[in-house]
Amino acid sequence: MGNAREIAGSSSSSSSSRLLRRAPSISPESLLAISSWMMNCSAENLGEVLRGDRIENSVYAFKMGRDENCKVACRVKLNQEAAKNFKEKIDDEYRVNMILDNLPVAVPRQRTDASQATSYEHGFRVGLKSKDGKYYINNHLSFKVRYHKDQESEDARIVGFEVIPISVKHEYNDWDDKNPRLVTCNPNTKITPGSNNLQEVAADTHIVFSYDVTFQPSEIKWASRWDTYLLMNDDQIHWFSIINSLMIVLFLSGMVAMIMLRTLYKDIANYNQLDSQDEAQEETGWKLLHGDVFRPPVHSGLLCVYVGSGVQFFGMTLVTMIFALLGFLSPSNRGGLMTAMVLLWVFMGLFAGYASARLYKMFKGTDWKKITLKTAFMFPGIIFTIFFFLNALIWGEKSSGAVPFGTMFALVLLWFGISVPLVFAGSFLGYKKPAIEDPVKTNKIPRQIPEQAWYMQPLFSILVGGILPSALFSSSSSLSSHPSG
């Protein structure tokens, strides 16, 4: 893009809108106008498209190093449908997200605790609702761009992007689209929160969108500019969620461990109380199962498919976390996390096929090609079918979050062109390996299993077993959403 003096941005009512990316280095002396091709929509990568992110240009434009006040962006007349849409967005607490030089806009908030530190929120709210039920829109944006000036090259790099949203009912005499002039402000005055009447959202109302921009030098260097965004005011909530999830896992694991230990202690106590040698040689308790533990289950093929898909998912998660810890998935690389997860899932098909084939051969299976096909198509097919129908519904609502058909075709190409062949290659290698030997001999005749009570049936056990973690997760999510409640 080169060194440019004019900066263009973008916004949208969608929660995924961005500002246009710009070159990282800007010369304050440069007076070159930004090229018209820069005003086109920026291309998104695979991860951004899957997340529903769309980078578009906004009507907010300003020049590097030049402070401006009371700039009019546009004037809009709301009809009944538009007013209703804005009210719904305010009720749903929609936030507008912008980016400048790949930095997301943040709203500064002053902490009320003893530290009095400044915290930041991602994006700004579309508007607010008063106690009497009236809706007000944030139609004035007060931008602050922080930049760090290089002492050697005299170049300036943007290291911060802040905004204060304000609702202002602008007043004007005769409206001129080419040269609009407002009574509520002028180029020499800056609008502050609470200094004017609020702009109400109502049908047949003209709303003037305005903005001002201030450039402020900063000591923050280019390499550290993301530190502010990584230390947002909701870090404490994230830590609470993580600790709460760990406590749930430890609690449930402890319950299962206590039940198993009590059962084993009870069996050992019964063995010690046996009187005769014949009774001691008789198999009781958990010893009754040692000859049937490694018997292939009825649906051994499905178990192999489940294990292979689990290995694929676990491998994708593990490698993604390692890359994130090493810093390869930086937040500045938008969509990088989602792109990495999709590509890792595709390439982990090799391990999925290997694991399913190894387990299938352990169960003395012979039709390994059938298991390979199920591993390659069963779970990915279910996920893709659900994703396709959900995307069709979003597409029907004309949402920008819908995935284009070109991206859908690319996903299918990755699936059939890379993942499926890798699953077959892994299965071929796994089935060529010697079968895993069982540590104990399996009985030829299966032991008769007594008829279970109604509450021990799989369906009832699954429902009851999911109630506790679901209730705990719902409670923790509620506390995370309303930490002060």
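The sequence shown begins at 1 in the UniProt record's numbering and counts up one residue at a time.
Even for Gly, the Cβ is constructed at its ideal location relative to N, Cα and C.
Is V346 helix, strand or coil when you go by DSSP? To locate residue 346, count along the sequence shown from 1; it is residue 346. The answer is helix: DSSP assigns V346 an H, G or I state.
In the DSSP assignment, what are the bridge partners of F161? In the sequence shown, the residue the question calls residue 161 occupies position 161. In the DSSP output, where bridge partners are listed per residue, F161 has V145.
Taking K77 as part of the beta strand (DSSP E), name the residues at either end of that continuous run. What you label residue 77 is simply residue 77 of the sequence shown in a count that begins at 1. Start and end: E68 to L78.
So which of F388, L141 and A340 has the shortest CA-CA distance to V96? As a first step, residue 96 must be located in the sequence shown, where it is residue number 96. Comparing Cα positions, the closest option is L141.
Boundaries of the beta strand (DSSP E) in which V208 is found, first to last residue: Taking the sequence shown and counting its residues from 1, the one referred to as residue 208 is at position 208. For V208, the enclosing beta strand (DSSP E) has its first and last residue at T205 to P217.
Run through the DSSP bridge pairs and tell me what residue 517 is partnered with. Residue 517 lies beyond the stretch modelled for the chain, which goes from 1 to 485, so this question has no answer here.
Name the residue from C74, K84 and Q216 whose alpha carbon lies nearest to the alpha carbon of D176. Within the sequence shown, numbered from 1, the residue matching residue 176 stands at position 176. Nearest of C74, K84 and Q216 to D176, Cα basis: C74.
Grouping DSSP H, G and I as helix and E and B as strand, with all else coil, what is I55? As a working note, residue 55 is residue 55 in the sequence shown. Look at I55 here: in three-state DSSP terms it is strand.
Do you know offhand how far I242's Cα is from W226's? What you label residue 242 is simply residue 242 of the sequence shown in a count that begins at 1. What you label residue 226 is simply residue 226 of the sequence shown in a count that begins at 1. Approximately 23 Å, taken between the alpha carbons.
Is it the case that the region 423 to 431 contacts the region 356 to 373, given that we only count it when at least three CB pairs across the two stretches are under 8 Å? Taking 8 Å as the limit for Cβ pairs, the verdict is that the region 423 to 431 does touch the region 356 to 373.
Which whole-angstrom value describes the C-beta separation of I158 and D101, a residue pair presumed to lie in contact below a C-beta threshold of 8 Å? The residue you call residue 158 lines up with position 158 of the sequence shown. The residue you call residue 101 lines up with position 101 of the sequence shown. The Cβ separation is near 4 Å, so the contact holds.
For F323, which residues of its own chain have a beta-carbon under 8 Å away from its beta-carbon, when the five flanking residues on both sides are left out? Mapped onto the sequence shown, residue 323 falls at position 323. Only L329 and A340 meet the Cβ criterion.
For P24, which three-state DSSP category applies? As a first step, residue 24 must be located in the sequence shown, where it is residue number 24. Here P24 scores only 36 on pLDDT, less than 50, and its place in the model should not be relied on; the value that follows carries that caveat. Looking at P24 - three-state DSSP - the assignment turns out to be coil, as it is neither helix nor strand.
Quick check: what's the CA-CA separation for K77 versus W222? Walking along the sequence shown from the start, residue 77 turns up at place 77. Walking along the sequence shown from the start, residue 222 turns up at place 222. Cα to Cα, the separation comes out at about 41 Å.
Of the listed residues K131, G127, V126 and P108, nearest to Y120 (C-alpha basis): Taking the first residue of the sequence shown as position 1, residue 120 is located at position 120. Checked all of K131, G127, V126 and P108; the closest Cα to Y120 is P108.
Beta-carbon proximity check, L422 vs L337, cutoff 8 Å: Counting from one through the sequence shown, the residue named residue 422 turns up at place 422. Counting from one through the sequence shown, the residue named residue 337 turns up at place 337. L337 is positioned such that its CB atom lies no closer than 8 Å to that of L422.
Would K71 be called buried (16 or more neighbouring beta carbons within 10 Å of its own) or exposed? The count along the sequence shown starts at 1 and reaches residue 71 at position 71. Buried, because 16 or more other Cβ atoms sit within 10 Å of the Cβ of K71.
Which residues mark the beginning and the end of the beta strand (DSSP E) in which Y431 is found? For this step, residue 431 is matched to residue 431 along the sequence shown. First-last for Y431: V420 to K432, but that is the alpha helix (DSSP H), not the beta strand (DSSP E).
If I follow the unbroken alpha helix (DSSP H) through K441, where does it start and stop? In the sequence shown, the residue the question calls residue 441 occupies position 441. From DSSP, K441 is part of no alpha helix (DSSP H); its letter is neither H nor E.
Euclidean distance between Cα positions of F416 and M348: Counting from one through the sequence shown, the residue named residue 416 turns up at place 416. Counting from one through the sequence shown, the residue named residue 348 turns up at place 348. Roughly 14 Å separates the two Cα atoms.
If you count every other CB in all the chains shown that lies within 10 Å of the CB of F424, and 16 or more means buried, which is it? Position 424 of the sequence shown, counted from the start, is the residue given in the question as residue 424. Burial call: buried.
Report back the beta-carbon spacing between F161 and L103 to the nearest angstrom; my notes put them in contact at under 8 Å. As a working note, residue 161 is residue 161 in the sequence shown. As a working note, residue 103 is residue 103 in the sequence shown. Yes, F161 and L103 are in contact; Cβ-Cβ is about 5 Å, under 8 Å.
Span of the beta strand (DSSP E) holding G127? Sequence index remark: in the sequence shown, residue 127 carries index 127 (1-based). G127 to K129 is the extent of the beta strand (DSSP E) around G127.
Can you give the beta carbon distance from F62 to G127, rounded, assuming they're within the 8 Å contact cut? The residue labelled residue 62 in the question sits at position 62 within the sequence shown. The residue labelled residue 127 in the question sits at position 127 within the sequence shown. At roughly 23 Å, the Cβ-Cβ gap does not stay under 8 Å, so F62 and G127 are not in contact.
Taking the CB atoms as reference points, tell me whether K144 and T214 lie closer together than 8 Å. As a position in the sequence shown, residue 144 is number 144, starting the count at 1. As a position in the sequence shown, residue 214 is number 214, starting the count at 1. Against a cut-off of 8 Å, the Cβ pair of T214 and K144 comes out as a contact.
So, does the region 357 to 364 touch the region 428 to 447, judging by three or more C-beta pairs under 8 Å? Touching, yes.
Excluding the 5 residues flanking T118 on each side, which residues of the same chain have their C-beta closer than 8 Å to its C-beta? Looking up residue 118 in the sequence shown gives position 118. Excluding five sequence positions before and after T118, the CB atoms of its chain that fall closer than 8 Å to its own CB belong to P108, R109, Q110 and R111, given in chain order.
How many Å lie between Q216 and L326 at the Cα? For the purposes of this step, residue 216 is taken as residue 216 along the sequence shown, with counting starting at 1. For the purposes of this step, residue 326 is taken as residue 326 along the sequence shown, with counting starting at 1. Straight through space, the alpha carbons of L326 and Q216 are spaced by roughly 33 Å.
Anticipated Cβ contact below 8 Å, N186 with V168, distance rounded: Residue numbering aside, residue 186 sits at position 186 when the sequence shown is read from its first letter. Residue numbering aside, residue 168 sits at position 168 when the sequence shown is read from its first letter. With a Cβ gap of about 13 Å, N186 and V168 do not count as contacting.
Three-way DSSP call (helix, strand, coil) for Y265 in this model: On the sequence shown, residue 265 is found 265 positions in, with the first residue counted as 1. Y265 falls in the helix class under three-state DSSP.
Which of helix, strand or coil DSSP assigns to R95: The residue you call residue 95 lines up with position 95 of the sequence shown. Here R95 sits in strand by DSSP.
Helix, strand or coil at Y136 according to DSSP, with G and I counted as helix: For the purposes of this step, residue 136 is taken as residue 136 along the sequence shown, with counting starting at 1. Three-state result, Y136: strand.
Inter-residue Cα distance where the pair is H148 and M98: Stepping through the sequence shown from its first residue, residue 148 is reached at position 148. Stepping through the sequence shown from its first residue, residue 98 is reached at position 98. Looking at the two C-alpha atoms, the distance is approximately 20 Å.
Measure the alpha-carbon distance for I462 versus A269 and round it to whole angstroms. The sequence position of residue 462 within the sequence shown is 462, counting from 1. The sequence position of residue 269 within the sequence shown is 269, counting from 1. Note on geometry: alpha-carbon atoms of I462 and A269 lie some 31 Å from one another.
List the residues that DSSP assigns as beta-bridge partners of I166. For the purposes of this step, residue 166 is taken as the residue at position 166 of the sequence shown. Its beta-bridge partners are H140.
So the candidates are S309, G466 and S253; which of them puts its Cα closest to the Cα of G381? Residue mapping note: residue 381 aligns to position 381 of the sequence shown, counting from 1. Cα-wise, what sits closest to G381 is S309.
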